[in-house]
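Contents: one structure, followed by commentary.
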Amino acid sequence: MLYDIRLKLEYAYDAPVSGGRHLARVFPANLPGIQRVVAAGLTLLPQPSEQTEFTDFFGTRVASLTYRSQHDALEIAVAARVEVLRKSPGIDFSPSPEKLGDELAATWDMSALSPHHFVAASPRVDLAPAITEYARENIGKAVTVHQLANDLCLRIHADFAYDGEATLVDTPVSEAFALKRGVCQDFAHIMIAGLRGLGVPAGYVSGFLRTMPPEGEQRLEGADAMHAWVKVWCGREMGWIEFDPTNAMRAGQDHIVIGYGRDYSDVAPIVGMLRSAGGQETTQAVDVLEVA
Amino acid sequence: MDSRLSRARPRKMPDLIGAYRPISGVSDEMVAPDGTVKPGWLKFMTALDALGHEELTDRFQHADQYLRDAGVFYRMYDGLEQGERDWPLAHIPLLIAETEWRHIEAGLAQRADLLEDVLSDIYGDNQLVREGLLPPELIAGNPEFLRPMVGVHPMGGHHLHFCAFELGRGPDGRWWVLGDRTQAPSGAGFALENRVATTRALADIYADLNVHRLAGFFRDFRNSLTDMAGNGSGRVAILTPGPLNETYFEHAYIARYLGFLLVQGEDLVVVNGEVMVRTVSGLKPITVLWRRLDGSFTDPLELNQDSHIGTPGITEAVRQGSVGFVNSLGAGILETRALGAFLPAIARSRLGSDLALPNIATWWCGGTAARDYVRDNIEDMLVGPALSTLLAIDDAGETLAAAELDTKARADLLARIEADPKAFAAQEAVKLSTAPVYVGDALEPRPVTLRVYAARTANGWSIMPGGFARVGYSLDTAAIAMQRGGQAADVWVVSDSEVEQVSLLTGSQRAIERNPSGNLPSRAGDNLIWLGRYAERCEASVRILRSWHLRLAELGREDNPLLVATTEYLEPLGIDTAEPVPAGLLAVIDGSVRSASQIRDRFSPDGWLALTDLQKTSRRFARAIKPGDDATRAMTVLLRKLAGFSGLVHENMYRFAGWRFLEIGRRLERGIQIADIATWLCDPDAPEGATEMLLEIGDSVMTHRRRYGYGHGNLGAIELLITDPLNPRSVMFQLTELLAQLKELPRGYVDGQLSPAAKAALKLQTELAVIDASDVSVETLNAISAGLAHISDLIAEMYF
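These protein sequence lines are chains A and B, in that order. First residue of the first sequence: 1, per the UniProt record's numbering; consecutive thereafter. First residue of the second sequence: 1, per the UniProt record's numbering; consecutive thereafter.
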């Protein structure tokens, strides 16, 4: 599948800010066998005083933007063309949850792909006992780690309500879990916390999702979304498999990856520090269009 | 007398040693297991004996007094009350023979090199993990592992530059490393102050004993930091989390001692990948940061996003190699307790031998064999979190001595280990050696640990010949923690031969390097202005209050029109005349202490003492003073103390930009205060007696009488308090001084161009200079007051 992606993030500040520094993780990633970036570009308004780029520990491309002059609004726009090559993982040859620990202990690896980065609590995912208990209910039924992850993915979708008003970007995972509602970020964090609580390595995936308009309706401009889902380590043979608890499915042809991290804090689209007195209003528009 | 008999008789032991009872089964620093006294101690104790109890007590009090006068304190966190406590000096130093010290030195240098290797591997290519020498869980799941630092080459090629090691001696007489401190080791400055205080008390004994000096160590480290920054424009700064940190006193002390800039995260800004400090002369580059805060707090953008004390983008500067941290960001991971379980094997693999100074035996329960061993020997273990970076003896909350637990608690602990073995590390519970402390009039043994510092220099690791020893307040090992009542003792490395006499100032073969005066960080300049303003505001309020109470004492009633008018005048300033020492006045004094605490590195200990003394006195007065006479006298005392503070500052502070900001603050505030209250002079409805009172407040009664006799009352007062250029209390005088100081500031007067603030001051001054006293009106004075407030804004805009 070939897609054209457009992202527009707009920030309107209540009071003019005298400067700021932002890290943007908004480019689609080049991932052999999963997706290929044909072209990607960034447009900024106003122009920053400094603009550099680097690749972070987990391999995500990061734009670093610095503003030193006064401005009262900021617009970050990305245009990219991406070919999605993701295939179904095929048959499940992941180990049993009990065996996974041995495989993990035998993995003497510190690279970004090492499952060891994704076992312990991380800044935004504490291993709340209540979530571990919730996840544990699946463990008797699942023969393999893949089944365990898939069952949990489906259960979160069934048990939690999608509600854009219930949580904020910094709502703790336990709170979203107790509310039984939230958005993709919350569902991803809950699934990660549950799996890690059971000793299964799980990470956060930030990306774009193509959405289909309801049957018989026109596609609305900007209706697609930035999205978040989960990657799960299904043992040494099968490796990382991505699940989307918001949509009760494995990541497929409609999922376009920006980057991976332990949780939202590692791959937030924008991290910013402003010299400012007031609040801000943010709007976001995403289009993921199939190239005919 | 038979000479043979005399020789055979043992030399008489000093009484202090004779009465000393070490604990059996425990090593003692003074008395060897066979009862002999260790080198150095005999001579030392003989000298103490000769002084006698009274003289000794007297001398120890001198040491404590020195520390109080120097403003040495330790910040406590004990739940309810936070505050500064006197530094708990144990007066008897810990003596260590030079021969033994050489062994410690060599062992720590070797250990520091190994730690450097481990750290560069953790942030490099992870050979140790691949070879199975270091479990990946201990790194990947560790909050001290800072991923943005992976693959980054530290400036100068080294991660570690300054480390501390906590040592303890076991019952076998060997020294063990209880913990490696690599994050931001504290205490080196306290070691210096311990030395100064102890030698104040025992100067003669110290001189006789050939004790190694500390200054050489600091000189070498200062030089190596300066070299690291490179010759030229590179600067070294000490990065502190600020005055609320428990060891802030030490940060300021070291900065003053070594002549480095003391900065906070908000003072720094990253421009084009370079770290700059905001100073009153604009942005200046910083090349080396000796950090005294945890690495993750240095950058809220890429590291800990909750940090409020960091500098956004500083990680990027590190990545670009434009700034070097001492120690590198991420070095804190070496403090992880469970790491100690793997260092012995890493040493054998990398050094081909065991460490000369090994750490205390440690087990990580994540390994099956280690877990079984811990379970089977639990009564000999201290068990705590595997990733803890606290020393086990400082971690009373989380680390448990299994031997002290009852059966149920021990079973609970074992169950917790079984449920999540990777989360636990155990260390052998060692009975630490004891050292003598002076209690009452005798020596008693107390458990002791030794903190030793290592600094990287061009010639390899330099080990401070001394350090500080922590001595328990009881025989319990946990009582060593200073937060729980432990004391600190100086450490004397005693040589058989004479030692080199060094100081920071002599022996340097380098050319004199002068720090330009424009180095003042903007935040410091801002605080200095506020300190000046608060001190002046305080003085103005105290003067008005004194006059008020004087009249109250004379009249015996508050409903006099002048007193009512004065009360109304003070009200918007937050000062209520109903309280003899108003809360509003205490708040102003607190404000000046707060401002001063932000700039301890630029402030003489005497000035600080004068200010805190003022604070204490005013609080004491607030509890006891009655209105009228009593309050009049109290205000006079406060005025005298304020004058003492001003005098210390004025007579002792070098005329760097810092002093100018302080002076500007004073002149601004005094100008505003006089211009405001002097409006009464121009007001026909002013209450009777206002002129006399104003002259009194303006300390100008005598001059007025001499110059004008008893005629020209009002006009003379206007001249004296407003337009007279020679009266240091007049508005005109403030404007003239203000203008002079503004011109002297960096960028104040360049190529004939005045700064905006100086221009505004010149304008105000000129307008007042050409006006006749008889034409001064309320409007004139209001315009001056507003003009001064505007100048304050212009200064902030340009310099802060």
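Just so you know, even glycine gets a beta-carbon here, dropped at the ideal spot from N, CA and C.
Test item: CB-CB of Leu400 of chain B and Ala338 of chain B under 8 Å
By 1-based counting over the second sequence, the position of residue 400 of chain B is 400. By 1-based counting over the second sequence, the position of residue 338 of chain B is 338. In this structure, Ala338 of chain B does not lie closer than 8 Å to Leu400 of chain B by Cβ.
Below 8 Å on the Cβ atoms is my contact criterion, and I expect Arg169 of chain B with Leu239 of chain B to pass it. Report the Cβ-Cβ distance as a whole number of Å.
Translated into positions along the second sequence, residue 169 of chain B becomes position 169. Translated into positions along the second sequence, residue 239 of chain B becomes position 239. Not a contact, Cβ separation roughly 34 Å.
Using 8 Å as the cut-off, can you tell me whether the segment 164-172 of chain A makes contact with the segment 229-242 of chain A, which would need three or more C-beta pairs spanning the two stretches below that distance?
no
Do you know offhand how far Trp175 of chain B's Cα is from Val448 of chain B's?
What you label residue 175 of chain B is simply residue 175 of the second sequence in a count that begins at 1. What you label residue 448 of chain B is simply residue 448 of the second sequence in a count that begins at 1. Taking the straight line from one Cα to the other gives about 12 Å.
Applying a beta-carbon distance threshold of less than 8 Å, which residues of chain B neighbour Leu198 of chain A?
The residue labelled residue 198 of chain A in the question sits at position 198 within the first sequence. Under the 8 Å cutoff, chain B gives no residues; its nearest Cβ is about 12 Å from Leu198 of chain A.
With a floor of 4 residues, list each alpha helix (DSSP H) that falls wholly inside the segment 360-411 of chain B, ordered by position along the chain.
368-376
Of all the CB atoms in chain B, is at least one closer than 8 Å to the CB of Ser206 of chain A?
Here residue 206 of chain A corresponds to residue number 206 of the first sequence, with the count starting at 1. By this cut-off, Ser206 of chain A is not an interface position.
For chain D, find out if any of its Cβ atoms is closer than 8 Å to the Cβ of Pro312 of chain B; answer yes or no.
Any reference to chain D falls outside this structure, whose protein chains are A and B.
Chain-ordered neighbours of Asn126 of chain B on chain A, where CB pairs are closer than 7 Å:
Here residue 126 of chain B is taken as the residue at index 126 of the second sequence, counted from 1. Those within 7 Å of Asn126 of chain B in chain A are Met110.
With DSSP run on the structure shown, which of helix, strand or coil describes His153 of chain B?
Here residue 153 of chain B is taken as the residue at index 153 of the second sequence, counted from 1. Residue state, collapsed to three classes: coil.
Contacting positions in the segment 14-37 of chain A - beta carbon closer than 7 Å to chain B:
Arg21 and Leu23
Just to confirm my understanding: we take Leu85 of chain A, look at its own chain, exclude 5 residues before and 5 after, and list those with CB closer than 7 Å. What are they?
The sequence position of residue 85 of chain A within the first sequence is 85, counting from 1. Cβ within range, chain order: Gly33, Ile34, Gln35 and Arg36.
Can you find at least 3 beta carbon pairs, one from the segment 316-332 of chain B and one from the segment 362-372 of chain B, that sit closer than 8 Å?
no
Checking contacts by CB at 8 Å: is Phe54 of chain A closer than that to chain B?
Locating residue 54 of chain A in the first sequence gives position 54, counting from the first residue. Chain B, which has a Cβ nearer than 8 Å to the Cβ of Phe54 of chain A, makes this yes.
Contact between the segment 771-784 of chain B and the segment 669-683 of chain B (3+ Cβ pairs under 8 Å)
yes
Candidates A:Ala161, A:Gly194 and A:Ala188: which alpha carbon is nearest Leu179 of chain A's?
Taking the first sequence and counting its residues from 1, one reaches residue 179 of chain A at position 179. Comparing Cα-Cα distances from Leu179 of chain A to each of A:Ala161, A:Gly194 and A:Ala188, the minimum goes to A:Ala161.
Taking only runs that begin and end inside the segment 654-726 of chain B, name each unbroken alpha helix (DSSP H) of 4 or more residues, in chain order.
657-677, 690-697, 701-708 and 713-718
So with Cβ pairs under 8 Å, would you call His189 of chain A a contact of chain B?
Your numbering for residue 189 of chain A matches position 189 in the first sequence. Chain B, which has no Cβ nearer than 8 Å to the Cβ of His189 of chain A, makes this no.
Are Thr362 of chain B and Gly340 of chain B close, meaning C-beta to C-beta below 8 Å?
By 1-based counting over the second sequence, the position of residue 362 of chain B is 362. By 1-based counting over the second sequence, the position of residue 340 of chain B is 340. Contact: yes.
CA-CA distance, Asn377 of chain B and Ala426 of chain B?
In the second sequence, counting from the first residue as 1, residue 377 of chain B sits at position 377. In the second sequence, counting from the first residue as 1, residue 426 of chain B sits at position 426. When rounded, the distance between both Cα atoms is 10 Å.
What residue does the alpha helix (DSSP H) around Asp117 of chain B start on, and which one ends it?
Position 117 of the second sequence, counted from the first residue, corresponds to residue 117 of chain B. Glu98 to Ile122 is the extent of the alpha helix (DSSP H) around Asp117 of chain B.
For Glu513 of chain B, the three-state DSSP class (helix, strand or coil):
Position 513 of the second sequence, counted from the start, is the residue given in the question as residue 513 of chain B. Here Glu513 of chain B scores only 49 on pLDDT, less than 50, and its place in the model should not be relied on; the value that follows carries that caveat. Glu513 of chain B: coil per DSSP, three-state reduction.
Beta carbon proximity, Thr167 of chain A to chain B, threshold 8 Å
Taking the first residue of the first sequence as position 1, residue 167 of chain A is located at position 167. No, no contact with chain B.
State yes or no: is the C-beta of Leu94 of chain B within less than 8 Å of the C-beta of Leu450 of chain B?
Translated into the one-based positions of the second sequence, residue 94 of chain B becomes position 94. Translated into the one-based positions of the second sequence, residue 450 of chain B becomes position 450. For Leu94 of chain B and Leu450 of chain B, yes; Cβs fall inside 8 Å.
Using only the alpha-carbon positions, how far apart do Ala142 of chain A and Ser433 of chain B sit?
Walking along the first sequence from the start, residue 142 of chain A turns up at place 142. Walking along the second sequence from the start, residue 433 of chain B turns up at place 433. Computed Cα separation, rounded: 56 Å.
Closer than 8 Å to chain B by CB, Phe93 of chain A
For the purposes of this step, residue 93 of chain A is taken as residue 93 along the first sequence, with counting starting at 1. Judged by the 8 Å Cβ criterion, Phe93 of chain A is not in contact with chain B.
Along chain A, which residues have their Cβ under 8 Å away from the Cβ of Arg707 of chain B?
Locating residue 707 of chain B in the second sequence gives position 707, where the first residue counts as 1. Those within 8 Å of Arg707 of chain B in chain A number zero; the least Cβ separation is about 51 Å.
Inter-residue Cα distance where the pair is Leu614 of chain B and Ala622 of chain B:
In the second sequence, the residue the question calls residue 614 of chain B occupies position 614. In the second sequence, the residue the question calls residue 622 of chain B occupies position 622. Cα to Cα, Leu614 of chain B sits roughly 12 Å from Ala622 of chain B.
Using a Cβ-Cβ distance cut-off of 8 Å, determine whether Thr66 of chain A contacts chain B.
Residue 66 of chain A sits at position 66 when you count from the first residue of the first sequence. Yes, because at least one Cβ of chain B sits closer than 8 Å to the Cβ of Thr66 of chain A.
Quick one: is Leu642 of chain B near chain A, going by C-beta distance under 8 Å?
Reading the second sequence from its first residue, position 642 is the one you call residue 642 of chain B. Judged by the 8 Å Cβ criterion, Leu642 of chain B is not in contact with chain A.
With a threshold of 8 Å, are at least 3 pairs of Cβ atoms found where one atom belongs to the segment 520-530 of chain B and the other to the segment 572-582 of chain B?
no
Answer with yes or no whether the minimum CB distance from Asn272 of chain B to chain A is below 8 Å.
Locating residue 272 of chain B in the second sequence gives position 272, counting from the first residue. Yes, Asn272 of chain B lies at the interface with chain A (some Cβ there is under 8 Å from its Cβ).
Any idea if residue 818 of chain B is buried or exposed, counting beta-carbon neighbours within 10 angstroms, 16 or more meaning buried?
What the structure shows of chain B is the stretch from 1 to 800, and residue 818 of chain B is not part of that stretch, so it cannot be assessed.
At a CB distance below 7 Å, what residues from the segment 138-154 of chain B approach chain A? Give them in sequence order.
Ile139, Ala140, Gly141, Arg147, Pro148 and Val150
In this structure, does DSSP put Tyr67 of chain A in helix, strand or coil?
Position 67 of the first sequence, counting from 1, holds the residue named residue 67 of chain A. Reduced to three states, the DSSP call for Tyr67 of chain A is strand.
Going along the chain, which residues of the segment 270-302 of chain B sit with their C-beta nearer than 9 Å to a C-beta in chain A?
Val270, Val271, Asn272, Gly273, Pro300, Leu301 and Glu302
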